[in-house]
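Numbering (the UniProt record's numbering), first residue to last: 1 to 239.
Cβ coordinates follow ideal geometry from the N, Cα and C atoms, glycine included.
Bear in mind that the values here come from a model prediction, so they are computed numbers and not experimental data.
Data block below; observations after.
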Ligand SMILES: Nc1ncnc2c1ncn2[C@@H]1O[C@H](COP(=O)(O)OP(=O)(O)OP(=O)(O)O)[C@@H](O)[C@H]1O
């Protein structure tokens, strides 16, 4: 379970996350949506204890992440799959993370297998394609067999087979009773993967709902999303 209560983060004059309160429950995939700059990554970073809130709090299974004694066994996260040490193989990377968390090498082999990287495990991870780096990041998140998983744009860089694979993986992880929070800009993918949706804009909660409720009137998820966020887009992009 993930809970945020009045979570707030400011960068200078920008309020990146603004009194955000929500609960992410186990057993289904929860999509985390919002335009560029809405505050999704900042929220995830605060849940992970990488950024300190200016107000409010973020709790994982009732505790602040930084107060959890064996965090890899409670929350696994993929935030930036490209942050890898040059020259280290995928397996060596995972072994180093595992050792730092008191996890044995047998578990490394298991997670490599689960993400389909066993064949590439000895190659330098820094030379992996983006999709392979995403898979390695997911393997890292799974190392401690945590009950809570948080993925920031996990579909990024994956080919169609990879997109389908991650859809199945996320749904399986949720069906195993885990809490799964996943951010994405791909509405069609979220419609297929997520059951619940949190939509934010300019750091504020816009909707805490289900895919079924948003699409019940025959509207596509994409159209519903644009309707919800039309006043929250502050960049000059096209859509
Ligand atoms: N380290 C930082 N320093 C200054 N401003 C920041 C920093 N990190 C984020 N911001 C600002 O906070 C706001 C929220 O950014 P954030 O990356 O959390 O949004 P996001 O929803 O994850 O966006 P995207 O979909 O583009 O990844 C933006 O205005 C961003 O410019």
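For a test of the three-state rule: what should DSSP assign to residue i, helix, strand or coil?
i: residue 172; result: helix
i: residue 157; result: coil
i: residue 95; result: helix
i: residue 215; result: helix
i: residue 163; result: helix
Measure the alpha-carbon distance for residue i versus residue j and round it to whole angstroms.
i: residue 194; j: residue 29; result: 5 angstroms
i: residue 114; j: residue 43; result: 28 angstroms
i: residue 229; j: residue 205; result: 10 angstroms
i: residue 79; j: residue 156; result: 11 angstroms
i: residue 107; j: residue 85; result: 21 angstroms
i: residue 178; j: residue 12; result: 36 angstroms
i: residue 50; j: residue 223; result: 34 angstroms
i: residue 132; j: residue 4; result: 31 angstroms
i: residue 180; j: residue 150; result: 6 angstroms
i: residue 203; j: residue 187; result: 20 angstroms
i: residue 196; j: residue 71; result: 25 angstroms
i: residue 198; j: residue 40; result: 10 angstroms
i: residue 82; j: residue 45; result: 16 angstroms
i: residue 190; j: residue 91; result: 30 angstroms
i: residue 135; j: residue 125; result: 11 angstroms
i: residue 211; j: residue 221; result: 7 angstroms
i: residue 26; j: residue 173; result: 10 angstroms
i: residue 215; j: residue 112; result: 37 angstroms
Kindly say whether residue i, judged by its beta-carbon, lies nearer than 8 angstroms to any beta-carbon of chain D.
i: residue 34; result: In summary, chain D is missing from the structure at hand, where a single protein chain is found.
Would you give the residue range spanned by the beta strand (DSSP E) that residue i belongs to?
i: residue 10; result: 2-11
i: residue 198; result: 196-201
i: residue 229; result: Per DSSP, residue 229 belongs to no beta strand (DSSP E); it is in the alpha helix (DSSP H), 221-229.
i: residue 20; result: 14-24
i: residue 210; result: 204-210
i: residue 183; result: 179-183
i: residue 58; result: 55-60
i: residue 77; result: 75-78
i: residue 33; result: 29-33
i: residue 152; result: 148-152
Between which two residues does the alpha helix (DSSP H) holding residue i run?
i: residue 188; result: 187-193
i: residue 137; result: 130-142
i: residue 113; result: 105-114
i: residue 118; result: Where residue 118 is concerned, there is no enclosing alpha helix (DSSP H), given that its DSSP letter is neither H nor E.
i: residue 42; result: 40-47
Would you list the residues whose beta-carbon is nearer than 6 angstroms to any heavy atom of ligand 1, in the order they occur in the chain?
-> Answer in sequence order: 11, 14, 16, 34, 36, 37, 38, 39, 40, 41 and 42.
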